[in-house]
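Report on the following structure.
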Amino acid sequence: MIINNIDCPTLILAAGSSSRMNGRDKLNEVVDGEPLLRTQCKKAIATQQHVYVALPSADHPRAALLSGLDVTLLAIPQATEGIGATLRESVARLAPCSKFMIILADLVSLQTSDLVHMLCAVEEHPNHLIWRGATHEGNPGHPVVFDNALRSEFLHLSGDNGAAPIIKKHRDQMRLVPLGKQALLDLDTPKDWADWRAGTKT
1 MIINNIDCPT
11 LILAAGSSSR
21 MNGRDKLNEV
31 VDGEPLLRTQ
41 CKKAIATQQH
51 VYVALPSADH
61 PRAALLSGLD
71 VTLLAIPQAT
81 EGIGATLRES
91 VARLAPCSKF
101 MIILADLVSL
111 QTSDLVHMLC
121 AVEEHPNHLI
131 WRGATHEGNP
141 GHPVVFDNAL
151 RSEFLHLSGD
161 NGAAPIIKKH
171 RDQMRLVPLG
181 KQALLDLDTP
191 KDWADWRAGT
201 KT
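Numbering (the UniProt record's numbering), first residue to last: 1 to 202.
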């Protein structure tokens, strides 16, 4: 099921440094036969919403992973300041929209069906400002959809807390959207990747 009557572009955050990967780029790790970042972008494109990808620079090696894909690349040199700066600069460059979805690029188990589920939740429960993916046990994770009414608040983000200050401020207007364990599963170290591929990290 694809949601066509909602304007909710996807912003994929791919400007981090993979600092715990011992020199490897986790977004270049192969998942489903392709580099993770390319795989994630294809999943987002399949929702038929516009896709933006935040990268450290226009000539970063990750840009080559997206060759031929219908995505808009956002060069964010301020990413070295932390994920807050990445969000601040990226959200400011999104085209006008009613909502926007933010995805961490390293959520390896997230599927197009999960993104569609998020869009359905927005459509079915419109009287909220934030819709956040969660496990079936109610543990909050990703993706997160924000109403455009909150867009100006991203201009004040900094540091490594991401959008946490915005989510905390508006927690009473947030709806959790049960997705499953994939809402929290990210792989940050070579051991994480080895365990996941061996089927011991889920």
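Every residue, glycine too, gets a C-beta built ideally from N, C-alpha and C.
By how many angstroms is the C-alpha of Arg93 removed from the C-alpha of Asn189?
Walking along the sequence shown from the start, residue 189 turns up at place 189. Walking along the sequence shown from the start, residue 93 turns up at place 93. Reading the sequence as shown, one finds Thr at residue 189 and not Asn. Near 31 Å, if we compare the C-alpha coordinates of Arg93 and Thr189.
Ile103 by DSSP, collapsed to three states: which one?
On the sequence shown, residue 103 is found 103 positions in, with the first residue counted as 1. Looking at Ile103 - three-state DSSP - the assignment turns out to be strand.
Decide if Arg171 is buried, meaning its Cβ has at least 16 other Cβ atoms within 10 Å, or exposed.
Residue numbering aside, residue 171 sits at position 171 when the sequence shown is read from its first letter. Arg171 comes out exposed.
How long is the line joining the alpha carbons of Asp70 and Ile45, rounded to whole angstroms?
Sequence index remark: in the sequence shown, residue 70 carries index 70 (1-based). Sequence index remark: in the sequence shown, residue 45 carries index 45 (1-based). So the two alpha carbons sit approximately 7 Å from each other.
Could you compute how far the alpha carbon of Pro161 sits from the alpha carbon of Thr86?
Walking along the sequence shown from the start, residue 161 turns up at place 161. Walking along the sequence shown from the start, residue 86 turns up at place 86. One detail in the question is off: residue 161 reads as Asn in this sequence, not Pro. Each residue's Cα considered, the two are about 11 Å apart.
Kindly list the residues whose CB is nearer than 7 Å to the CB of Gly141, restricted to its own chain and excluding five residues on each side of it in sequence; keep chain order.
Here the question's residue 141 lines up with position 141 in the sequence shown. Gly133, Ala134, Thr135, Ala183 and Leu184, listed in sequence order.
Mind reading off the beta-carbon distance from Tyr52 to Ser98? Whole number of angstroms is fine, and I expect it under 8 Å.
Within the sequence shown, numbered from 1, the residue matching residue 52 stands at position 52. Within the sequence shown, numbered from 1, the residue matching residue 98 stands at position 98. Not quite, the Cβ-Cβ distance comes to about 16 Å (not below 8 Å), so this is no contact.
With a cut-off of 8 Å on the beta carbons, I'd call Leu73 and Ala95 a contact; round off their distance for me.
As a position in the sequence shown, residue 73 is number 73, starting the count at 1. As a position in the sequence shown, residue 95 is number 95, starting the count at 1. Not really, about 14 Å apart at Cβ, beyond 8 Å.
Would you decide whether His125 is buried or exposed? Buried here means 16 or more other CB atoms lie within 10 Å of its CB.
Walking along the sequence shown from the start, residue 125 turns up at place 125. Result: exposed.
Using only alpha-carbon positions, find the residue among Ala14, Gly33 and Lys168 that is nearest to Phe146.
To locate residue 146, count along the sequence shown from 1; it is residue 146. Per the Cα distances, Lys168.
If we require 4 or more residues per run, which alpha helix (DSSP H) segments fall completely within the region 21-53?
Whole alpha helix (DSSP H) segments, 4+ residues: 36-45.
So Gly84 and Gly159 are supposed to be a Cβ contact under 8 Å. How far apart are they, rounded?
Stepping through the sequence shown from its first residue, residue 84 is reached at position 84. Stepping through the sequence shown from its first residue, residue 159 is reached at position 159. Confirmed, Cβ separation roughly 5 Å.
Please state the DSSP three-state secondary structure of Arg171.
For the purposes of this step, residue 171 is taken as the residue at position 171 of the sequence shown. Reduced to three states, the DSSP call for Arg171 is helix.
Give the straight-line distance between the Cα atoms of Ile166 and Leu65, rounded to the nearest whole angstrom.
What you label residue 166 is simply residue 166 of the sequence shown in a count that begins at 1. What you label residue 65 is simply residue 65 of the sequence shown in a count that begins at 1. Looking at the two C-alpha atoms, the distance is approximately 32 Å.
Quick check: the Cα distance between Phe106 and Lys26, rounded to an integer number of angstroms?
Start at 1 with the first residue of the sequence shown, and residue 106 comes out as number 106. Start at 1 with the first residue of the sequence shown, and residue 26 comes out as number 26. Strictly speaking, residue 106 in this sequence is Asp, with Phe absent from that position. Distance between the alpha carbons of Asp106 and Lys26: 7 Å.
From which residue to which residue does the alpha helix (DSSP H) around Ile83 run?
Sequence index remark: in the sequence shown, residue 83 carries index 83 (1-based). Here the alpha helix (DSSP H) through Ile83 covers Ile83 to Val91.
Where do the ends of the beta strand (DSSP E) carrying residue 211 lie?
In the structure as shown, the chain begins at 1 and stops at 202. Residue 211 is therefore absent and cannot be evaluated.
Just mark Asn173 as buried or exposed, buried being the case when its beta carbon has 16 or more other beta carbons within 10 Å.
Here residue 173 corresponds to residue number 173 of the sequence shown, with the count starting at 1. First, the residue type needs correcting, since residue 173 is Gln and not Asn in the sequence shown. Result: exposed.
Is it buried or exposed, Leu187, if we count other Cβ atoms within 10 angstroms and call 16 or more buried?
For the purposes of this step, residue 187 is taken as the residue at position 187 of the sequence shown. When all chains shown are included, Leu187 counts as buried.
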